[in-house]
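K.L.:
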Amino acid sequence: MTTITRAFRTGIGSGLGGTVARTLSIPELAQRVEGAQVKVNLLLSRLPRLRETGVAPEAASRTPFFGQPFFGAYGATKAAQTALARTVAAALIEGGMREAVICPGSRSAPLVYALAACERAGDVRLHVRIDERSAAFTALGIARVQKRPVAVVMTSGTAVANTLPAVVEAHYSHTPLAIISADRPERLVGTGASQTIEQQGIFGVYAKTTQVTSADDLEAMSQRFRTDLQVHINVAFDAPLVDATLPDHTSGDGVREPAPAFVDHGEVAVDLSKNTLVIAGDEAWEVEGLEDVPTIAEPSAPGPYHPVHPAAAHIFRKAQVSANDYVINTKVEQVIVVGHPTLHRSVLALMNDPDIELVVLSRTKDFTNQRGDETRLGTTVKVTGEPSREWMKICEGATDMAGQAVRETLEDEELGFTGLHVAAAVGDTLSVNDTLVLGASNPVRDAALVGLPFDGVDTYSPRGAAGIDGTIAQAIGISLATQSLDPTNWRAPRVMALMGDVTFLHDANSLLIPEDQARPENLTIVVANDNGGGIFETLEQGADALRESFEPAFGTPHGVDVGKLAEAYEADYREVTTPQELLDTLAELKEYSTGITVVEAKTTRATRRALNEKLTAKVGQ
1 MTTITRAFRT
11 GIGSGLGGTV
21 ARTLSIPELA
31 QRVEGAQVKV
41 NLLLSRLPRL
51 RETGVAPEAA
61 SRTPFFGQPF
71 FGAYGATKAA
81 QTALARTVAA
91 ALIEGGMREA
101 VICPGSRSAP
111 LVYALAACER
121 AGDVRLHVRI
131 DERSAAFTAL
141 GIARVQKRPV
151 AVVMTSGTAV
161 ANTLPAVVEA
171 HYSHTPLAII
181 SADRPERLVG
191 TGASQTIEQQ
201 GIFGVYAKTT
211 QVTSADDLEA
221 MSQRFRTDLQ
231 VHINVAFDAP
241 LVDATLPDHT
251 SGDGVREPAP
261 AFVDHGEVAV
271 DLSKNTLVIA
281 GDEAWEVEGL
291 EDVPTIAEPS
301 APGPYHPVHP
311 AAAHIFRKAQ
321 VSANDYVINT
331 KVEQVIVVGH
341 PTLHRSVLAL
351 MNDPDIELVV
361 LSRTKDFTNQ
371 RGDETRLGTT
381 VKVTGEPSRE
391 WMKICEGATD
401 MAGQAVRETL
411 EDEELGFTGL
421 HVAAAVGDTL
431 SVNDTLVLGA
441 SNPVRDAALV
451 GLPFDGVDTY
461 SPRGAAGIDG
471 TIAQAIGISL
481 ATQSLDPTNW
491 RAPRVMALMG
501 DVTFLHDANS
511 LLIPEDQARP
521 ENLTIVVAND
531 NGGGIFETLE
541 QGADALRESF
551 EPAFGTPHGV
561 DVGKLAEAYE
571 ADYREVTTPQ
581 ELLDTLAELK
591 EYSTGITVVE
601 AKTTRATRRA
611 LNEKLTAKVG
621 Q
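Each residue of the sequence shown is one higher than the one before, counting from 1 in the working numbering.
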């Protein structure tokens, strides 16, 4: 009898892991192979959705272990993954996606190649980032401009978790964003498989998960794009993942799903003969009928016809103020909130004053309202009456007083070079058709104090959740989207981004853009570097009595060389140490800037508390 002596793993059949040497006859070996085949077939019959791979469970029981039909099933699995990826890509495009940011990874390979085929066909533009967090915020920046969903595509595991901060900001700013994550098949979740976590439901209340395992799930996916602004599509891909050749492009039917419409909460009657202020925050719009009402507008709101300076807000909570031997009735009777204001405590105090009537207008499902049922809610207004001439003059006078106080304070040489000086220089060098991105900490508040918003300047700030994370990535995304609006321009429109040093360092890795990828063509990033957390200097924790523990916990000095950091990421770099140097540099860059330029304004925070106190002394509180 012919025998075979061979070392083999005893794992099949015995469950043991050792390697042994056995001498087997050919019939014995065949018997063992047949027994192993029974177990393999049993396993295959239990795999979920196996029919989608091209092998039915009942057919699997008849498939020889070493025969061609089994390897044909292996090939069919690859074909199935390719087909699924192509249908998902087509559905994304039909859902309105025209831009996607992809991150390298293994499990997402079928979808990446499918999207690459769509890009070759001209249906989508792809951007590549090696960091999922930066990728998500870049997509968010693009979506802020385009007002349509931008996809972020990544592999499984913690890659998905890294996109959560961007999803949160998108949720609260009502910005469309699609997270497209690859995943293992469900049978591998919870088994200890590599790079596998519980991805379904990972975003909680911020984005529901739609699980996609076959073409049967695409209708549910499309429905998500019709109803939700933040979408999480979790696509389970089985191994083997890709074919040896790139997939061909298959276009969809050309029907693009509409983005979710604004919510109409109805009409609210308002009497403008009452002393009325409009408070316009992020996501505000020009409400018909309120054009002539004095307005406190945050920088990311539309520029009002009759602006009211936020530093004067406290005046309107007082019954009377005296000026030049005159007593003036300054109490506001009615506040109309548009959008999502969050910046100034004195402004928020107006909204929360129980003696002031409150109307809140929104075009989303959310309202900025802390007063509950006593607030009247709506989307449009039915106007009666009009603001009195006396009220208009009171608002104009308060605004002039506050604006002059800011400029006089900036001229005080004892204060040195502060972040407020930087904001003033940026504001003074803006032009019509510029775009401005403001960091969520001191910069956006400083911009409000120096007079923003401006007509003709599109202004963005992450005010949804008001976090500092991802600001550079958002600025890059906004720049990419802005310059693509009219590619025939001989020069890309200028995008200015103003942020503090902590915000800059928090997201410096977003300056890393792989070679041969689209880059901003005219982006200036102004970093007000006061070597730490300047905003905390003006808050309660910055009081003199708390200074002993303030610096390490809140000041957080870092001493980072911003110039070397910019150089490492191949960004142009300029350094300024005075307001005039900053003005001159920004004027030069306005004419000749290309690519990404980082302007480091070396400022001080040592006088920031004193600056606020001097300003308060001039305008009152």
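Positions of the beta carbon are idealized from the N, C-alpha and C atoms, including for glycine.
Check each candidate in Phe-203, Gln-199, Gly-141 and Ala-151 and name the one with the smallest Cα separation from Ser-173.
P.N.:
Gly-141
K.L.:
Give the secondary structure of Asp-501 by DSSP, where H, G and I count as helix, E and B as strand, and everything else as coil.
P.N.:
helix
K.L.:
Among Phe-550, Thr-196, Leu-438 and Ala-566, which residue has its Cα nearest to the Cα of Val-422?
P.N.:
Leu-438
K.L.:
Just to confirm the assignment: which complete alpha helix (DSSP H) runs, minimum length 4, are found wholly within the segment 336–381?
P.N.:
With a minimum length of 4 residues, the continuous alpha helix (DSSP H) runs that stay inside the segment 336–381 are 345–352.
K.L.:
With DSSP collapsed to three states, give me the class of Gln-524.
P.N.:
Looking at the sequence shown, residue 524 is not Gln but Thr. Thr-524 falls in the strand class under three-state DSSP.
K.L.:
Straight-line CA distance for Met-154 to Cys-103?
P.N.:
5 Å
K.L.:
Grab me the residues of Phe-225's own chain with a C-beta within less than 7 Å of its C-beta, minus the 5 sequence neighbours each way, in chain order.
P.N.:
Gly-95, Gly-96, Pro-149, Val-231 and Glu-257
K.L.:
What residue range does the beta strand (DSSP E) around Pro-233 cover?
P.N.:
Here residue 233 turns out to be Ile, not Pro, going by the sequence shown. Counting along the chain, the beta strand (DSSP E) containing Ile-233 begins and ends at 230–236.
K.L.:
When burial is assigned at 16 or more other CB atoms within 10 Å of the CB, is Val-168 buried or exposed?
P.N.:
buried
K.L.:
Would you kindly report the start and end of the unbroken alpha helix (DSSP H) that includes Val-444?
P.N.:
Looking at the DSSP string, the run of the alpha helix (DSSP H) that includes Val-444 is 442–449.
K.L.:
Mark Val-263 as exposed unless 16 or more other C-beta atoms lie within 10 angstroms of its C-beta, in which case mark it buried.
P.N.:
exposed
K.L.:
Does Asp-264 come out as helix, strand or coil in the three-state DSSP assignment?
P.N.:
coil
K.L.:
Taking C-alpha atoms, which residue in Ala-402, Asp-217, Gly-157 and Glu-288 lies nearest to Thr-379?
P.N.:
Glu-288
K.L.:
Helix, strand or coil for Arg-125? Go by DSSP, reduced to three states.
P.N.:
strand
K.L.:
Taking only three categories from DSSP, how would you classify Pro-552?
P.N.:
helix
K.L.:
Restricting to runs no shorter than 3 residues, where is the beta strand (DSSP E) found entirely within the segment 87–145?
P.N.:
Every beta strand (DSSP E) of 3 residues or more that sits fully in the segment 87–145 is shown, in chain order, as 99–102 and 125–128.
K.L.:
In angstroms with no decimal places, state the Cα-to-Cα distance between Ser-593 and Leu-523.
P.N.:
8 Å
K.L.:
Following the continuous beta strand (DSSP E) through Lys-602, name the residue where it begins and the one where it ends.
P.N.:
The continuous beta strand (DSSP E) containing Lys-602 extends over residues 595–602.
K.L.:
Using DSSP with H/G/I as helix, E/B as strand and the rest coil, what is Thr-459?
P.N.:
Thr-459: strand per DSSP, three-state reduction.
K.L.:
Leaving out five residues on either side along the sequence, give the residues of the same chain with a beta carbon under 7 Å from the beta carbon of Arg-491.
P.N.:
Asn-522
K.L.:
Can you give me the Cβ contacts of Gly-403 inside the same chain, cut-off strictly under 7 Å, excluding the 5 residues immediately before and after it?
P.N.:
His-309 and Gly-451
K.L.:
Can you confirm whether the segment 519–539 touches the segment 598–616 when touching is taken to mean that 3 or more C-beta pairs between the two stretches lie within less than 8 Å?
P.N.:
yes
K.L.:
Tyr-326 by DSSP, collapsed to three states: which one?
P.N.:
Here Tyr-326 carries a strand assignment [DSSP, helix/strand/coil].
K.L.:
To test your reading of the DSSP string, which unbroken alpha helix (DSSP H) runs of 4 or more residues are found completely within the segment 384–439?
P.N.:
389–410 and 419–428
K.L.:
My output table needs one value for Pro-307: the three-state DSSP class, helix, strand or coil.
P.N.:
strand
K.L.:
Who are the Cβ neighbours of Val-112 in its own chain at under 6 Å, not counting the five residues just before and after it?
P.N.:
Ile-102
K.L.:
Grab the span of the alpha helix (DSSP H) containing Gln-580 for me, first residue to last.
P.N.:
Per DSSP, Gln-580 belongs to the alpha helix (DSSP H) from 579–592.
K.L.:
DSSP three-state label for Ile-279, please.
P.N.:
Strand at Ile-279.
K.L.:
Compare the beta carbon distance of Ser-441 and Thr-342 with 8 Å and say whether it is the shorter of the two.
P.N.:
Contact flag unset, no.
K.L.:
Work out the CA separation of Arg-519 and Ala-73 for me, nearest whole Å.
P.N.:
With a pLDDT of 44 at Ala-73, under the threshold of 50, the predicted position of this residue should be treated as unreliable, and no value is reported.
K.L.:
State the Cα-Cα distance for the pair Arg-125 and Ala-508, rounded to the nearest angstrom.
P.N.:
24 Å
K.L.:
Could you compute how far the alpha carbon of Met-221 sits from the alpha carbon of Ala-207?
P.N.:
Annotation: Met-221 to Ala-207 spans about 13 Å, alpha carbon to alpha carbon.
K.L.:
Among the residues of its own chain, which have a CB less than 7 Å from the CB of Leu-589, if the five just before and after it don't count?
P.N.:
Correct list, in chain order: Thr-524 and Thr-597.
K.L.:
Look at Ala-528 and Ala-481 and say whether their C-beta atoms are less than 8 Å apart.
P.N.:
no
K.L.:
Would you identify the three-state DSSP class for Thr-295, choosing helix, strand or coil?
P.N.:
strand
K.L.:
When DSSP labels each residue in this structure, what does Thr-210 get in the three-state scheme?
P.N.:
Thr-210: strand per DSSP, three-state reduction.
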